[in-house]
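Q: Count along the sequence shown from 1, add 640, and you get the number used in the numbering used here.
Here's a structure for you.
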Amino acid sequence: MLNHIFPVITESEKMLPLYLDGVGCHYHQDRVVRPEGYPTFQWIQCHKGQGELIIKDQSYPVGPGQGMFLYPNETHEYFETNEPWEVDWIGFSGCLVESLVHQLGFNSSNVFSVLDGEIILAKMRHALQIAGSGDPFKGLQCSGIIYELLLDLYKYTSHNAHSNDDSILQQHSRLKPVLDYMEENFSHVVTLEYLANTLRITPQHLCLLFKSTMKIRPFEHLNRIRINKSKDLMFARRDLDIKTISEMVGFDNVSYFCAVFKQIEGMSPGQFRKLHGV
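Right, here's the structure in full:
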């Protein structure tokens, strides 16, 4: 099997949210100079040797466990500095690709560190295998692989390879003791001070961690847990009234429970019960 492929893209595939432009694995990367950039997004991950990326007059070393996320149509150049420079790469586009990469935090071309590189490499190698097959639905399958790959990049990369930034996975791991405590003690009184002390940090620092990792405040997350538990109770215990349910999931005021429920679910607890026949 070839170690790279540039599939013929059908008109129907061009209408997909994501589609494969090309993919290569175990690729000995030669010098590439692109004054006008490349027409699609690219992820190029090093697993052997050393290279260098030049983009926007900045130079970035790229070694094992690192990758280049490149935007389309941007002037760039990359070359090996310690041979052999071996990479896996994938090019992709689609009608929703730009909005998706923005939402995942990839707002510009850059070099990223990868926490678990084998997971990403396996996705690209799977895409190469599928793209080279005779499967009539290989375009759809590759579209799904690209989506999974982008989610893995979001999860396993730190958004600056040359800083101390943690990956999203590392940030969530740091918060895990607090998240576990909330999940196990949602029905009790929970204070910000106690949660912060779980990690031996200040309440202010905990709020910053939640904001940067989960995009919400600690008690917003706790309320989501409580509302989810309340919905479970509505199905499991149809004999319980709303006030009792609110108390069982940690609210001491039924009116506040109803307000939070409506804010999160877009309907009142009574409307939710009626909608689902519970």
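Note that the Cβ used here is the ideal one computed from N, Cα and C, for glycine as well.
Please read all numbers here as calculations on a predicted model, not as lab measurements.
#1: Which residue comes first and which comes last in the beta strand (DSSP E) that contains V751?
#2: Leaving aside the five residues before and after W725 along the sequence, list all residues of the same chain whose C-beta is less than 6 Å from its C-beta, in chain order.
#3: Going by DSSP in three states, V894 sits in which element: helix, strand or coil?
#4: At what residues does the beta strand (DSSP E) containing D992 begin and finish?
#5: By a C-beta neighbour count over all protein chains shown, 10 Å radius and 16 as the cutoff for buried, is C782 buried or exposed?
#6: Starting from I841, trace the alpha helix (DSSP H) both ways and give me its first and last residue.
#7: Provide the residue(s) that pair with N722 in DSSP beta bridges, ordered along the chain.
#8: Closest by CA to T831, which one among N863, Y711, I808, L809?
#9: Which residues in the same chain have their Cβ closer than 8 Å to the Cβ of I904, if we skip the five residues on either side of it in sequence?
#10: Buried or exposed for V889, please, with buried defined as at least 16 other CB atoms from any protein chain shown within 10 angstroms of its CB.
#11: Check for me: the beta strand (DSSP E) holding R674 runs from which residue to which?
#12: Quick check on the DSSP output: the beta strand (DSSP E) that includes G707 runs from which residue to which?
#13: Going by C-alpha to C-alpha distance, which of I885, N837, V818, V894 sits closest to F859?
#14: Between which two residues does the alpha helix (DSSP H) carrying S886 extend?
#15: Per DSSP, P858 forms a beta bridge with which residues?
A: So, from the listed chains and residues:
#1: 750-754
#2: Spatial neighbours of W725 in its own chain (CB-CB distance under 6 Å, excluding positions within 5 residues in sequence) are listed in chain order as Q669, G689, G691.
#3: Residue state, collapsed to three classes: helix.
#4: The structure shown has nothing for residue 992, since the chain only spans 641 to 918.
#5: buried
#6: Element bounds for I841: n/a, residue is neither H nor E.
#7: Paired residues: Q690.
#8: N863
#9: N863, R864, I867
#10: buried
#11: For R674, the enclosing beta strand (DSSP E) starts and ends at 672-674.
#12: 706-710
#13: V818
#14: 882-888
#15: Here P858 is not bridged, per DSSP, to any residue.
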